[in-house]
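Trainee:
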Amino acid sequence: MFPIGAVFILVRVIANAASGSSTPARAPATSRGSYSFLSDSGAFVTLVLQVFLWAAFTTSTTALLAQSWGAVLIAVPSFVALFPWYTTRRILVPLGLAKTAYQVCRLSRVTWREDKPGGPALAAAWALARSKNPSAADIAWVEAKLDQGSPALQASGIVAMGLLAAAKGELTEARRLLESIGAFDERIATRPIRRIASSWLLGDAAAEGRWEQVLQITLSKRTPWSRTMWLLDAIARRELGKPMSTLGLWVFWLMAPRRLRTFRFVALVARRPEMQQHAHALGSIRVFPGAPLEAALYRHCSALTQPPRPAELVNVALAWERALDDRSVHHRLEARAAVIGASNAASAIDEVRALVEAELAPMVTGDLAQLGKSALPRLVSQAFDARRDELHRELEDRASRLDARREAGREVPSTEEWRELQITIAIYRDLCALGGIGERSLAFSVIRDRLVNYGAWLFNARTEKPVANAVFRFLHSEAVVLGDEESAALNRKNIDCGL
Amino acid sequence: MKPQPLAIKIAENPFYVLGLPSTCTRQEVEREGQKWLSMLALSLKEAAFYVTPLGEQQRTPELVRQAMADLRDPQKRLVHELLATLPAQVIEVENTPLDAPRDRWASALSVLGLGPPRKPAGPR
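Line by line, the protein sequences give chains A and B. Residue 1 is where the first sequence starts when you use this note's numbering, and the numbers rise one by one after that. Residue 1 is where the second sequence starts when you use this note's numbering, and the numbers rise one by one after that.
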């Protein structure tokens, strides 16, 4: 056999001698910073190692075929060492073996070579997210692994945090974290990371029947393609009444994996007539017949049992306005007030009106803006304004707190930094959705300078370069949309500072 | 989502908690309240839950005492009467062809190998 190891060592020694110095001590890398493992440091050693492992695996498999059962002691470990990520995702994750998945994934020199402990933590979190009853101790173990030992928070770590939140049943947090991956450079949020994050988001949206979001994810350029993604895209199109023939749907089903498990749902969707355009996005606005107070309460309770839709919100508000302005309701209340000795029937109406407004305000979303503010009932319009004012207050408050913490140099764990930042950005996005470009401009003026300073602090003082880069990328994209050339140039310069 | 003040008022409406109609007398309130408190003290199954339009809720001694206190105040009682207009039963949500909810693929996450299947949506 050709002594490839000895030749490699000899070449290294000669190369070092030729450069006249020993290899300088390498500063700890703060990010993966590569598109593929071939541009990772140590890729050559990885290739050589893979050749040796492959030789060991094929030799021991041949021996196994010749019924030398002892060879299994070499065949299995060499296979695991040769394909640690494959073994993890195909065997250990489905079995829910979080800690083993973590350890085996640490052997990875290809997919996660420059991404530890983020990559192994992601594998462990994935195993826990799949379990029906993940143990709190295992979740805490993975969280502890994430918080220690990494020079900087990576996209893999954030996906791990998102999957851990899902395992704990904190779905809003999980969505926010997994969606935030889009802010990272592709050298940080590599293909396997984006694939896991987008698959979870797709599955979550499909499980909730949010097909517009499924379509939004599948149409995104940053979503890595997969056969399952194509199937979900086809189902979403059919559900939303967009062009998708029954034949096309079945072709995508045939191409997708796990056909037996997906058959039932695809058959259900295929029964729907093609191109049946629903009034889904907004719903239908109509007046509910019957006694006004009963109707309002019925509408309200119905809306609470389903994810709120803009038109439903309008229906609820219309029904309440009709009930609270109705003379028969006023007369009934006055009669009852006289019987039980209440002093003021009108104040009871006012109290209920205030309760309705307070209840509707958090349900107001950007979709409602599509209906046009002037077309909204008074109660919704008031709730709309209350929601916008509240979001402005929250954004100002959050941005100020980030700024104050930066000025005081108060550090929190990097995972918490990212959570804080994402909540601030989510508020900003909610505000943008509520208003037009003017609202967006106003909201951007609140965060523009504060987040640049915050990003610079993360980059310089905290050496959280990947996260800082993501902050600059977000600010740059917003500045470009809003035509803020000064901010765009500054953030472009910051992005070029590297990872 | 933040606490929903009106939803809480409906789910914890004293008339639903005590299982009384909104036209009941003060004496009926006291009698029924004492009855529920005694049953809860004995941990009787029949007293553990009450029905509202938003679904079944857990009945606790604190809720019963709060309900009795609220109904003693005429002004508060008036608001509760207004909000207890619907009968104490879980509402059936109507679906019309125009705004029928879309299919939810509850097992999508487990099919994709990313989580256990979700439970169907119920009253929140």
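We put the CB at the ideal spot given by N, CA and C, even for glycine. Since the structure is predicted, the reported quantities are computational estimates derived from the model, not experimental observations.
Write down every uninterrupted run of the alpha helix (DSSP H) in the region 216–304 of chain A whose length is 4 residues or greater and which is fully enclosed by it, in chain order.
Mentor: You should have 227–239, 246–255, 259–270, 292–304.
Trainee: Any idea what DSSP makes of residue 52 of chain B, helix, strand or coil?
Mentor: Here residue 52 of chain B is taken as the residue at index 52 of the second sequence, counted from 1. Of the three classes helix, strand and coil, the one that applies to residue 52 of chain B here is strand, per DSSP.
Trainee: So what's residue 154 of chain A in DSSP terms, helix, strand or just coil?
Mentor: The residue you call residue 154 of chain A lines up with position 154 of the first sequence. Residue state, collapsed to three classes: coil.
Trainee: Going by DSSP, what residue range makes up the alpha helix (DSSP H) through residue 105 of chain B?
Mentor: Residue 105 of chain B sits at position 105 when you count from the first residue of the second sequence. Where residue 105 of chain B is concerned, there is no enclosing alpha helix (DSSP H), given that its DSSP letter is neither H nor E.
Trainee: From residue 326 of chain A to residue 301 of chain A, what does the alpha carbon distance come to, in whole angstroms?
Mentor: The residue labelled residue 326 of chain A in the question sits at position 326 within the first sequence. The residue labelled residue 301 of chain A in the question sits at position 301 within the first sequence. Their Cα atoms are separated by approximately 20 Å.
Trainee: Compute the Euclidean distance between the alpha carbons of residue 105 of chain B and residue 265 of chain A, then round it to the nearest angstrom.
Mentor: Along the second sequence, read from residue 1 onward, the residue named residue 105 of chain B stands at position 105. Along the first sequence, read from residue 1 onward, the residue named residue 265 of chain A stands at position 265. Each residue's alpha carbon lies about 7 Å from the other.
Trainee: Beta carbon of residue 142 of chain A, beta carbon of residue 165 of chain A: below 8 Å?
Mentor: Locating residue 142 of chain A in the first sequence gives position 142, counting from the first residue. Locating residue 165 of chain A in the first sequence gives position 165, counting from the first residue. Result no, Cβ atoms of residue 142 of chain A and residue 165 of chain A do not sit closer than 8 Å.
Trainee: When the distance is taken between beta carbons, is residue 20 of chain B closer than 8 Å to residue 30 of chain B?
Mentor: Sequence index remark: in the second sequence, residue 30 of chain B carries index 30 (1-based). Sequence index remark: in the second sequence, residue 20 of chain B carries index 20 (1-based). Taking 8 Å as the Cβ cut-off, residue 30 of chain B and residue 20 of chain B do not qualify as a contacting pair.
Trainee: Taking 8 Å as the CB-CB limit, is residue 103 of chain B close to chain C?
Mentor: The chain inventory of the structure shown lacks chain C, comprising the protein chains A and B.
Trainee: Is any heavy atom of the ligand ZN found at a distance shorter than 7 Å from the C-beta of residue 164 of chain A?
Mentor: Looking at this structure, you won't find the ligand ZN or any other ligand, since it has none at all.
Trainee: To be precise: take each residue of the region 73–92 of chain B, compare its Cβ to all Cβ atoms of chain A, and keep it if any distance is under 8 Å. Which residues remain?
Mentor: 74, 75, 77, 78, 79, 81, 82, 83, 85, 86, 91
Trainee: Using the Cβ count rule (16 or more neighbours within 10 Å means buried), how would you classify residue 232 of chain A?
Mentor: Reading the first sequence from its first residue, position 232 is the one you call residue 232 of chain A. Answer is buried; the Cβ neighbour count reaches 16.
Trainee: Using a Cβ-Cβ distance under 8 Å, would residue 33 of chain B count as near chain A?
Mentor: As a working note, residue 33 of chain B is residue 33 in the second sequence. Residue 33 of chain B does not count as touching chain A.
Trainee: Please look up how many angstroms separate the CB atoms of residue 365 of chain A and residue 292 of chain A, rounded, as I've assumed it's under 8 Å.
Mentor: One-based indexing of the first sequence puts residue 365 of chain A at position 365. One-based indexing of the first sequence puts residue 292 of chain A at position 292. Not quite, the Cβ-Cβ distance comes to about 26 Å (not below 8 Å), so this is no contact.
Trainee: Does residue 111 of chain B have its Cβ less than 8 Å from a Cβ in chain A?
Mentor: By one-based count along the second sequence, residue 111 of chain B stands at place 111. Cβ-Cβ to chain A under 8 Å: yes for residue 111 of chain B.
Trainee: Which residue marks the beginning of the alpha helix (DSSP H) containing residue 432 of chain A, and which one marks its end?
Mentor: Taking the first residue of the first sequence as 1, we reach residue 432 of chain A at position 432. Unbroken alpha helix (DSSP H) run through residue 432 of chain A: 414–434.
Trainee: Please check if any C-beta of chain B sits within less than 8 Å of the C-beta of residue 301 of chain A.
Mentor: Position 301 of the first sequence holds residue 301 of chain A. Yes, residue 301 of chain A counts as interfacial toward chain B.
Trainee: At least one CB of chain A closer than 8 Å to the CB of residue 7 of chain B: is that the case?
Mentor: By one-based count along the second sequence, residue 7 of chain B stands at place 7. Closer than 8 Å to some Cβ of chain A, the Cβ of residue 7 of chain B qualifies, so yes.
Trainee: For residue 382 of chain A, which residues does DSSP report across the bridge?
Mentor: Here the question's residue 382 of chain A lines up with position 382 in the first sequence. According to DSSP, residue 382 of chain A bridges with nothing at all.
Trainee: What number of angstroms, rounded off, separates the C-alpha of residue 22 of chain B from the C-alpha of residue 431 of chain A?
Mentor: Looking up residue 22 of chain B in the second sequence gives position 22. Looking up residue 431 of chain A in the first sequence gives position 431. Their backbone Cα atoms lie some 42 Å apart in a straight line.
Trainee: Verify the CB distance criterion: does residue 48 of chain B have a CB-CB separation below 8 Å to chain A?
Mentor: Taking the first residue of the second sequence as position 1, residue 48 of chain B is located at position 48. Answer no: the Cβ-Cβ gap between residue 48 of chain B and chain A never drops below 8 Å.
Trainee: Would you mind telling me which residues of chain A sit closer than 8 Å to residue 53 of chain B, beta carbon to beta carbon, in chain order?
Mentor: Walking along the second sequence from the start, residue 53 of chain B turns up at place 53. The contacting residues are 297, 298, 301.
Trainee: Excluding the 5 residues flanking residue 204 of chain A on each side, which residues of the same chain have their C-beta closer than 6 Å to its C-beta?
Mentor: Taking the first sequence and counting its residues from 1, one reaches residue 204 of chain A at position 204. Contacts found: none.
Trainee: Which chain B residues sit within Cβ distance under 9 Å of residue 352 of chain A?
Mentor: Reading the first sequence from its first residue, position 352 is the one you call residue 352 of chain A. Result: 6, 9, 79, 82, 83.
Trainee: Does residue 69 of chain B get closer than 8 Å to chain A when you measure Cβ to Cβ?
Mentor: For the purposes of this step, residue 69 of chain B is taken as residue 69 along the second sequence, with counting starting at 1. Not one chain A Cβ lies under 8 Å of residue 69 of chain B.
Trainee: Please check if any C-beta of chain A sits within less than 8 Å of the C-beta of residue 16 of chain B.
Mentor: Numbered from its first residue, the second sequence carries residue 16 of chain B at position 16. Chain A, which has no Cβ nearer than 8 Å to the Cβ of residue 16 of chain B, makes this no.
Trainee: To the nearest angstrom, how far is the alpha carbon of residue 389 of chain A from that of residue 262 of chain A?
Mentor: Along the first sequence, one-based indexing puts residue 389 of chain A at 389. Along the first sequence, one-based indexing puts residue 262 of chain A at 262. Roughly 45 Å separates the two Cα atoms.
Trainee: Counting contacts by CB-CB distance shorter than 8 Å, is residue 44 of chain B in contact with chain A?
Mentor: Stepping through the second sequence from its first residue, residue 44 of chain B is reached at position 44. It does not; no Cβ of chain A falls within 8 Å.
Trainee: From residue 490 of chain A to residue 399 of chain A, what distance separates their C-alpha atoms?
Mentor: Sequence index remark: in the first sequence, residue 490 of chain A carries index 490 (1-based). Sequence index remark: in the first sequence, residue 399 of chain A carries index 399 (1-based). For residue 490 of chain A and residue 399 of chain A, the distance between alpha carbons rounds to 19 Å.
Trainee: Identify which residue in A:329, A:482, A:403, A:50 has its Cα closest to the Cα of residue 438 of chain A.
Mentor: As a working mapping, residue 438 of chain A is identified with position 438 in the first sequence. Of A:329, A:482, A:403, A:50, the residue nearest in Cα terms is A:482.
Trainee: Between A:74, A:81, A:472, which has its C-alpha nearest residue 46 of chain A's C-alpha?
Mentor: Taking the first sequence and counting its residues from 1, one reaches residue 46 of chain A at position 46. Comparing Cα-Cα distances from residue 46 of chain A to each of A:74, A:81, A:472, the minimum goes to A:81.
Trainee: So with Cβ pairs under 8 Å, would you call residue 116 of chain B a contact of chain A?
Mentor: On the second sequence, position 116 is the one that residue 116 of chain B refers to. Judged by the 8 Å Cβ criterion, residue 116 of chain B is in contact with chain A.
Trainee: For residue 106 of chain B, which residues in chain A fall below 8 Å Cβ to Cβ?
Mentor: Here the question's residue 106 of chain B lines up with position 106 in the second sequence. Residues of chain A passing the Cβ test: 207.
Trainee: Pick out whichever of A:433, A:134, A:140, A:157 has its Cα sitting closest to the Cα of residue 368 of chain A.
Mentor: Translated into positions along the first sequence, residue 368 of chain A becomes position 368. That would be A:433, whose Cα lies nearest to the Cα of residue 368 of chain A.
Trainee: Since residue 96 of chain A meets chain B, which of its residues come closer than 7 Å, beta carbon to beta carbon?
Mentor: By one-based count along the first sequence, residue 96 of chain A stands at place 96. Going along chain B, no residue has its Cβ under 7 Å from residue 96 of chain A, so there is no contact; the nearest lies around 11 Å.
Trainee: Looking at the unbroken alpha helix (DSSP H) that takes in residue 6 of chain B, where does it start and where does it end?
Mentor: The residue you call residue 6 of chain B lines up with position 6 of the second sequence. Where residue 6 of chain B is concerned, the enclosing alpha helix (DSSP H) stretches over 5–11.
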